[in-house]
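A short worksheet on the structure shown next.
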Amino acid sequence: MTVPSGTWPKLTSSEEFRFLSDLVLTRSSADQTIVRLRDHHAGTTRFANNQVIQNVDARRGSLAVTVAFGGQQGTASTTDFTAGAIQDALARAERIARVSPVDPEYLPPPDPCLFPVRATAKPETLAAGPVKRLEYANEAIGHCRMENLMAAGVVASSGTAVGIAASNGLFGYEVRGDARFSLTVQTGDATGWSAAAHRSIDHLKVQERTLAAIAKAKRGRDVCEMPAGQYPVILEPAAVAGLWAWVLWSLDAKSYTKGTSPFAGKLGQAIVDERLTLKNHPDHADLLGEGFTHDGLPSTASLWIDHGVLKQLAYDRFTAKADGINPIPTLEAPALSIAGAPAQSIQDLIKNTDRAILVTNFWYIRPVNPQDLTLTGMTRDGTFLIEKGEIVSAVKNFRFHESPIRAFRHITAWTTPMEAVNSETGKMLVPALALPHFRFSSVTRF
Amino acid sequence: MSSPTWDEFADLALKRITASGAEYGDIRIQDSSTEHIEGEDRRIASIRDIKDVGFGVRVLYHGAWGFAASSVLSLEEVPRVANLAIEIARGSASVALEKVRLVSEPVHRDRVVTPYRIDPFTIPLEKKTDLLLNTMETLHRQSGIARSSASLWAHRDRKLFVSTEGSHLESDLLAGQGDCTATALHEGRFASRSFNTPYLRKGYELIEETDLLREASRVAAQAIEKVKAPVVDAGQYDLVLDPEHLSLTIHESCGHPSELDRALGYEANYAGTSFLTPEKLGNFRYGSQHVNLVADNTESETLAATGYDDDGVQCQQWDVVRNGVFVGYCTNREVASKIGESRSRGSNRADGWSHVPMVRIANIGLEPGSATVDQLIADVKHGIYIEGHGSYSIDQRRYNFQFGGDAFWLIENGRRTHMLRDVIYHGITPEFWNSCDGVADRTARRRYGFITCGKGQPGQSGWMTHAASPARFRQIHVIRGEGSA
Chain Z
13 MTVPSGTWPK LTSSEEFRFL SDLVLTRSSA DQTIVRLRDH HAGTTRFANN
63 QVIQNVDARR GSLAVTVAFG GQQGTASTTD FTAGAIQDAL ARAERIARVS
113 PVDPEYLPPP DPCLFPVRAT AKPETLAAGP VKRLEYANEA IGHCRMENLM
163 AAGVVASSGT AVGIAASNGL FGYEVRGDAR FSLTVQTGDA TGWSAAAHRS
213 IDHLKVQERT LAAIAKAKRG RDVCEMPAGQ YPVILEPAAV AGLWAWVLWS
263 LDAKSYTKGT SPFAGKLGQA IVDERLTLKN HPDHADLLGE GFTHDGLPST
313 ASLWIDHGVL KQLAYDRFTA KADGINPIPT LEAPALSIAG APAQSIQDLI
363 KNTDRAILVT NFWYIRPVNP QDLTLTGMTR DGTFLIEKGE IVSAVKNFRF
413 HESPIRAFRH ITAWTTPMEA VNSETGKMLV PALALPHFRF SSVTRF
Chain Y
470 MSSPTWDEFA DLALKRITAS GAEYGDIRIQ DSSTEHIEGE DRRIASIRDI
520 KDVGFGVRVL YHGAWGFAAS SVLSLEEVPR VANLAIEIAR GSASVALEKV
570 RLVSEPVHRD RVVTPYRIDP FTIPLEKKTD LLLNTMETLH RQSGIARSSA
620 SLWAHRDRKL FVSTEGSHLE SDLLAGQGDC TATALHEGRF ASRSFNTPYL
670 RKGYELIEET DLLREASRVA AQAIEKVKAP VVDAGQYDLV LDPEHLSLTI
720 HESCGHPSEL DRALGYEANY AGTSFLTPEK LGNFRYGSQH VNLVADNTES
770 ETLAATGYDD DGVQCQQWDV VRNGVFVGYC TNREVASKIG ESRSRGSNRA
820 DGWSHVPMVR IANIGLEPGS ATVDQLIADV KHGIYIEGHG SYSIDQRRYN
870 FQFGGDAFWL IENGRRTHML RDVIYHGITP EFWNSCDGVA DRTARRRYGF
920 ITCGKGQPGQ SGWMTHAASP ARFRQIHVIR GEGSA
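Residue numbers (our numbering), protein chains in the order written: chain Z, 13 to 458; chain Y, 470 to 954.
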């Protein structure tokens, strides 16, 4: 290909965002006004059956204007950055706000502050275009072809300019890069999978992850069916992240206050194994930390679960004010750790296991009972029986019926935290975990 | 100087594509408006007015695809994006093993407009927010309701599709929806019950024809009854499923497996593949003789009835399952030839200008049978009647599924009795549909739409409608939706 990345249009700069936001702020008649920018340039190379099936590049800029007269508010957005369109968005937002009922939970924009500066924009990711993505896709496909296996996956990279400006002087601007690779290797009914997400496209470890997915798929060729029931399990990091994502999403403080949270009444109490600690770690190089939130709050390092005890809830600004919470903690870069001596690797966890099911990943996890956070979902892309320290066979995929609150009450062994991401959750740092009991409720056909 | 027309922008892009030597190209220019009003706990929590304008250019060069898109609709940007799409397609072609071949489609020149009586964007906001506030007040009138929500949604797409083959398709399509939910608290337990108008391609008459306050009163009372209801005992039950509930069952267990791109492995890395592999076409017993599943993208007011798909193929009607046998896939112009079909079914849709179209589930519906709903229930000794959507999950080949619901009633000796809670059923798709022994008649047929069907990388939200009359399924395994099951 001949498209040099230098010829691509640039992301909206901080100065340009200030100019655009001033167009709104200087013309607004509202008591308070907020302008939000999201200028997203992204490309994805998608492959299946060992060849590229989709190769795309898209640029979408969006400005959203929120205004308030007293507690009456309205929001209007546009993808057109011309002065006329931006002023039209302001006029639409004002029109909405003037006829809206007063929102008793309305709060003016947060006070201006200096947001932390984080390394969210890696030049190698922002410069990566279709050529780089195709190179990585070909690398994965090439390995699979050599082994007579089928590859399906994506290589994606993006850069996003994100900004917030308000009539009280609040101003934030940040460029966020994001690179992703995921691969499913197929051989007959067996599949193996691996995935990565990172601020730097150079850290996707395409070769290493491709070989891991290939090894999983090859190991899955000889499959047996195990009956549904309760088993000891070893959950690889992606599977752990899949379950923990639902714990994180259920920490909403408003639901907690109203009594419609699985954690209602449990703040300050042990909710999981006493060795587990959950922190927000926005400065960690392998997590996708950000400088500020959609609400214009600085993202912060914070402690959420301390040695099994629930210490923090996810607050909206209104509930935080009512509960006297300041600053409001954020949770965009979760890191789960366990006190004590970890196993050196997943392989060591396996070696020390008499009998268990090894789960690579879960799929289609959905809540069954919000009261006790019982979830269901399927194992996917590598489920194995471990006996006497070895993987002895692949097993047909299970459906699970389990609450992470119960499952993580006792952990028998673990590794150090590792990068984890899957198709339905954001990125986390989590260990692989051995659990003594995990309920599989049925078995599928493959 | 007046700004160029959409046709002039399209011409600019297509000239570049034709000059490049590409065998096919198209451009979609789209202007979308969305108004979403959300109420929560007796307050209007947000009102959003979203305008989204942009274009996407798709190029097929030497049998390989390239696509580029931009929200900047200008004389400089359209050629840049067209050139980028061409260059990306050239890159794809350099590594292509098997060349994409599009099945033919007549050239169409047409304009498609949603018929409507009342433009939802002309209704005063005060009227809509009053309706939502009154709805939430009605929900809270029932003692024991701890939380409430209500919302109204309206969407309009104005689109131009032009291809290098000469098709020129304009559309102006509307869609709308409204809903409310009550959450009841009782002895530390909570349970929710919802009402939704279907997502349909109608004007604001969709809302005006609905008595939202009466529905709010009903669901609030049922939320209270539900939270106090006994937990189901696990075991085998006959199930009678209402149309709203069935819309999700059809979507997950018939819709997705009948997407041919999945069956061919295109989605293997994300949404998954399909147990309905091509050798099963025409001979696989998917369900009982009562099961007739028809794809109909021509039925007025349904979400996938867009006149034409994003390949420029005219919308059609076809059988997916006839008398229980799997007989048809959802296809596009790329994959149709891989099963020897000479024309696409017209099910290639993108969720906006910035995404490339792909095979999407059609408006697949369960054909009515001949029984009345009362007759279906009368022939059940020990069963459960299920309404609405609850928990749902299915494996990546669409065999093993598990569904909950929004409301459950125990059926004993042919009579619907009291409510139950925490009902979950699971099964294997073809076994489940083969247990169907009755479908209610056309008078009980209802349509429900989906606008958040996830598929593709980057992810897209598909829109489609599933219609059904209530249907009965024998001896289905039911478990409790709590951890001790």
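Ideal placement from N, C-alpha and C gives every residue a C-beta, glycine not left out.
What you are looking at is a predicted structure, and each value in this text was computed from that prediction instead of being measured.
Contact under 8 Å by Cβ, residue i with residue j
i, j, result
"Y:Y755", "Y:G724", "no"
"Z:T437", "Z:A257", "yes"
"Y:L643", "Y:R625", "yes"
"Z:L445", "Z:P346", "no"
"Z:V245", "Z:F450", "yes"
"Y:R670", "Y:A774", "yes"
"Y:R586", "Y:E504", "no"
"Y:N817", "Y:D778", "yes"
"Y:R542", "Y:I498", "The sequence shown places Leu at residue 542 of chain Y, not Arg. Taking 8 Å as the Cβ cut-off, Y:L542 and Y:I498 qualify as a contacting pair."
"Z:G23", "Z:V187", "A small correction: the amino acid at residue 23 of chain Z is Leu; Gly does not occupy that position in the sequence shown. It is a contact, given that the beta carbons lie within the stated cut-off."
"Z:L475", "Z:R378", "Residue 475 of chain Z lies beyond the stretch modelled for chain Z, which goes from 13 to 458, so this question has no answer here."
"Y:H655", "Y:G613", "yes"
"Z:T424", "Z:F410", "no"
"Z:G308", "Z:L102", "no"
"Y:A703", "Y:I948", "yes"
"Z:E302", "Z:E344", "yes"
"Y:L733", "Y:V804", "yes"
"Y:G834", "Y:H935", "yes"
"Z:M279", "Z:I317", "Before going further, note that residue 279 of chain Z is Leu rather than Met in the sequence given. Cβ distance not < 8 Å, so Z:L279 and Z:I317 don't count as in contact."
"Y:G535", "Z:L146", "no"
Euclidean distance between Cα positions of residue i and residue j
i, j, result
"Y:R915", "Y:A660", "25 Å"
"Y:H824", "Z:I358", "39 Å"
"Y:E492", "Y:A619", "49 Å"
"Y:V977", "Z:R211", "Shown here, chain Y extends from 470 to 954; a query on residue 977 of chain Y therefore has no answer."
"Y:A954", "Y:I880", "Because Y:A954 sits at a pLDDT of 38, beneath the cut-off of 50, its placement in the model cannot be relied upon, and the following sentence gives the value as read from the coordinates. Looking at the two C-alpha atoms, the distance is approximately 21 Å."
"Z:S169", "Z:D366", "42 Å"
"Z:T19", "Z:V36", "In this prediction, Z:T19 scores a pLDDT of 47, lower than 50, which makes its location untrustworthy; the coordinate-derived value is nonetheless stated afterwards. The alpha-carbon atoms of Z:T19 and Z:V36 are separated by roughly 30 Å."
"Y:Y530", "Y:G741", "27 Å"
"Z:C156", "Z:A163", "6 Å"
"Z:A60", "Z:D201", "16 Å"
"Y:P826", "Z:Q66", "10 Å"
"Z:D264", "Z:Q198", "39 Å"
"Y:G815", "Y:G781", "8 Å"
"Y:E418", "Y:F870", "Residue 418 of chain Y lies beyond the range of chain Y shown here (470 to 954); nothing can be said about it."
"Z:S25", "Z:Y185", "8 Å"
"Z:R231", "Y:C905", "38 Å"
"Y:V696", "Y:R658", "7 Å"
"Y:L608", "Z:P21", "51 Å"
"Z:L75", "Z:D92", "8 Å"
"Z:H293", "Z:S405", "38 Å"
"Z:L299", "Y:E678", "50 Å"
"Y:E477", "Y:L571", "26 Å"
Best match in the options for proximity to residue i [C-alpha to C-alpha]
i, options, result
"Z:P429", "Z:H449, Z:T386, Z:Q356 and Z:A332", "Z:Q356"
"Z:V143", "Z:D69, Z:I98 and Z:A164", "Z:D69"
"Z:F458", "Z:W426, Z:S179, Z:L299 and Z:M390", "Z:M390"
"Y:A623", "Y:E634, Y:E606, Y:F590 and Y:G815", "Y:F590"
"Z:I47", "Z:A54, Z:H53 and Z:R39", "The question names Ile, yet the displayed sequence has Val at residue 47 of chain Z. Selected option, being the one with the closest Cα: Z:R39."
"Y:L762", "Y:S727, Y:W822, Y:K749 and Y:A565", "Y:S727"
"Y:R791", "Y:P837, Y:E546 and Y:V709", "Y:P837"
"Z:V218", "Z:R287, Z:M158, Z:D51 and Z:Y148", "Z:Y148"
"Z:Q44", "Z:I398, Z:L119 and Z:K363", "Z:L119"
"Y:D680", "Y:V701, Y:T604 and Y:L566", "Y:T604"
Cβ-Cβ separation, residue j to residue i (assumed contact under 8 Å), whole Å
i, j, result
"Y:I846", "Y:G874", "Incorrect: roughly 16 Å between the Cβ atoms, too far for contact."
What runs of the beta strand (DSSP E), each 3 residues or longer, lie entirely inside the region 588-643 of chain Y?
-> 614-632
Going along the chain, which unbroken runs of the beta strand (DSSP E) with 3 or more residues stay wholly within the region 730-805 of chain Y?
-> 762-765 and 786-791
At 3 residues or longer, and completely inside the region 301-371 of chain Z: list those beta strand (DSSP E) runs for me, N to C.
-> With a minimum length of 3 residues, the continuous beta strand (DSSP E) runs that stay inside the region 301-371 of chain Z are 314-318 and 346-350.
Within the region 34-83 of chain Z, ranges of the beta strand (DSSP E) (whole runs, at least 3 residues) = 44-60 and 63-81
Please go through the region 802-865 of chain Y and give each complete alpha helix (DSSP H) segment of 4 or more residues, from N-terminal end onward.
-> 842-847
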